[in-house]
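Structure first, commentary second.
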Amino acid sequence: MPDRYQQLINTPVGRIVSRQVGLPAPVELERYEPGQPVVSGPVLLGAASRSTLVAPVAGVLAAVQAEVSTPHQEEARQAAADAGLSAGIFNAEVASADQTFKALVFDASGIADSAELKQAWAFFRPTIRRVRASGRVIVLGTPPESHDRPEPAVAQRALEGLVRSIGKELRKGATAQLIYVAPGAEDQLESTVRFFLSAKSAYVSGQVVRVGDTVAALGAPLDWDRPLAGKVALVTGASRGIGESIAEVLARDGAHVVGVDVAAQAADLEAVTGRLGGSALTLDITDVDAPAAIADGLLDRHGGVDVVVHNAGITRDKTLARMTEDLWDTVISINLIAPHRIDAELFGRQAVRANGRIVLISSISGIAGNAGQANYATSKAGLIGMVQAYAPRLAERGATVNAVAPGFIETRMTAAMPIATREAGRRMNSLAQGGLPVDVAETIAWFANPASGGVNGNIVRVCGQSLIGA
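Basically the numbering used here = 1-based index in the sequence shown + 7.
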């Protein structure tokens, strides 16, 4: 359903009224189109003293052919030079007002105590208003739990408050993220930095992502535009909505998509997979024999699977006092028990190939809860529990498991909401608008990338930095 408010507020009259009255002024977000560069404008690269991540980040910026400048900081200047970048120098005291940046990237990994946090303030204070529309702010640090001493652990944890505040201060569709990189995982940064620099992360903001060394790095894919070439991806609930968008993006990235849905959606499922050159598998994932049927199909026709996306899910809303046993059981069976049973069958029969990816679709309701959705919120919180429980186990098998937690996404379900509820869902986030199914799909594609082996055990909200569950 079109966002009429957003359309109105971006007219000349609407912009005047929004400024005078103080109304939210959502801008049209830049979203990825094939052929676009990773970052479409200059990048300012900075680093705190003794930081160690600026060198690999400079390497990524060189690989994406970014136009880079640095402040007068030894670490940043040296890293840029070592990466072969002809970096300009940014001096806030003499820079003109029209010198702006598409991205600010700051390596805070060297910050070892609370007093040194001032280095982050010194980098962002003169630059935060220079971020362009749909710009990006990325801060890099080290996991607080990786430090033996309390002082650096405290300082690194403090970065979360900084980044989330930046995300709420940015305007015109710009976003902010914090990437914690574990010691030894520096060579697994590229897919994550590329994703958060790019328009693919348009509706992701205020997130904290951990990149670890739990899965052996396989290096960059042969083709960053088609990183899933030769891979097989299973997507449940693929006939429409978010599932259809997931199938489209994974196919765009080169995967052969095996879509799964119930018999009632068979025609739509065949249309989607046919258009994408994929395969359709019609069944009810809650049937007793469904996991075996899925494993049989993947092994017999494709020799296994590389990416498994558990998208199928339903809502059956009632307050808990009015919720029947059937409403509870149906939601829990489809949303939570079925993914668990399918994964157990696939791994038990070794159907998931090396460097496999499991992605679960949770929800902000699973983080914050929601009145009238006790069954749904329970199931989505359970999926987060699956990520946390199985991430270390799957790492031992050379696989990863992560989850996305969408907020307000424009679908047929949200279009049917009462207007007041719908408008509140759209506006109660830092970007003041709803997301699109493709925003969820792009995040899943990042998880699925073969180069994302260090991204394991994460729950990433695709919600525009929603005030709910923040």
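The beta-carbon is built from N, C-alpha and C at its ideal position, and this holds for glycine as well.
Note that the structure is predicted; figures quoted are calculated from it, not measured.
Per the DSSP calculation, residue i is bridged to which residue(s)?
| i | result |
| --- | --- |
| residue 95 | 76 |
| residue 185 | 146 and 215 |
| residue 413 | 469 |
| residue 368 | 411 |
| residue 380 | 325 |
| residue 209 | In the DSSP output, where bridge partners are listed per residue, residue 209 has none listed. |
| residue 134 | Partner(s): none; residue 134 has no beta bridge. |
| residue 243 | 267 |
| residue 112 | 52 and 145 |
| residue 442 | 416 |
| residue 436 | 473 |
| residue 101 | According to DSSP, residue 101 bridges with nothing at all. |
| residue 462 | 218 |
| residue 359 | 312 |
Taking 7 Å as the cut-off, decide whether the C-beta atoms of residue i and residue j are in contact.
| i | j | result |
| --- | --- | --- |
| residue 114 | residue 61 | yes |
| residue 302 | residue 358 | yes |
| residue 219 | residue 48 | no |
| residue 184 | residue 135 | no |
| residue 163 | residue 148 | yes |
| residue 416 | residue 316 | no |
| residue 375 | residue 475 | yes |
| residue 189 | residue 157 | no |
| residue 366 | residue 436 | no |
| residue 264 | residue 240 | yes |
| residue 85 | residue 54 | no |
| residue 390 | residue 369 | yes |
| residue 289 | residue 270 | yes |
| residue 292 | residue 345 | yes |
| residue 117 | residue 58 | yes |
| residue 398 | residue 318 | no |
| residue 311 | residue 360 | yes |
| residue 483 | residue 362 | Residue 483 falls outside the range modelled here, since the chain spans only 8 to 477, and no answer is possible. |
| residue 133 | residue 99 | yes |
| residue 124 | residue 83 | no |
| residue 238 | residue 313 | yes |
| residue 242 | residue 266 | yes |
| residue 78 | residue 108 | no |
| residue 411 | residue 447 | yes |
Would you mind giving the Cβ-Cβ distance between residue i and residue j, rounded to the nearest angstrom? I have them listed as a contact below 8 Å.
| i | j | result |
| --- | --- | --- |
| residue 432 | residue 468 | 14 Å between Cβ atoms; not a contact. |
| residue 180 | residue 438 | 6 Å |
| residue 348 | residue 406 | Contact doesn't hold; Cβ gap of about 17 Å is too wide. |
| residue 111 | residue 138 | 6 Å |
| residue 87 | residue 94 | 4 Å |
| residue 140 | residue 34 | 6 Å |
| residue 196 | residue 67 | 7 Å |
| residue 126 | residue 172 | About 16 Å; that fails the 8 Å criterion. |
| residue 129 | residue 159 | Contact flag wrong, Cβ pair sits at about 19 Å. |
| residue 478 | residue 199 | What the structure shows of the chain is the stretch from 8 to 477, and residue 478 is not part of that stretch, so it cannot be assessed. |
| residue 341 | residue 321 | 5 Å |
| residue 421 | residue 429 | 6 Å |
| residue 161 | residue 121 | 6 Å |
| residue 306 | residue 356 | 7 Å |
The ligand HEM heavy atoms versus the CB of residue i: any closer than 6 Å?
| i | result |
| --- | --- |
| residue 33 | The ligand content of the structure shown is nil, which means the ligand HEM is not present either. |
State yes or no: is the beta carbon of residue i nearer than 7 Å to at least one beta carbon in chain D?
| i | result |
| --- | --- |
| residue 117 | Structure shown: chain D not included; a single protein chain is present. |
*Sequence ranges, beta strand (DSSP E) only - wholly within the region 37-91, length at least 3*: 50-54 and 75-77
_Check whether the region 376-388 and the region 254-268 are in contact - that is, three or more C-beta pairs closer than 8 Å._
no
*asked:* Across the region 446-457 and the region 200-218, are there enough close Cβ pairs to call them in contact, namely three or more that are closer than 8 Å?
replied: yes
*Please go through the region 259-334 and give each complete alpha helix (DSSP H) segment of 4 or more residues, from N-terminal end onward.*
273-283 and 297-309
*Is the number of C-beta pairs between the region 63-72 and the region 37-46 that are closer than 8 Å three or more?*
yes
*Any 3 or more C-beta pairs closer than 8 Å across the region 275-285 and the region 239-248*: yes
*Three or more C-beta pairs closer than 8 Å, one from the region 206-218 and one from the region 184-197: is that the case here?*
yes
_Entirely enclosed beta strand (DSSP E) segments - the region 157-207, minimum 3 residues_ = 182-188
*Give a yes or no on contact between the region 324-338 and the region 382-398, applying the rule of three or more CB pairs nearer than 8 Å.*
yes
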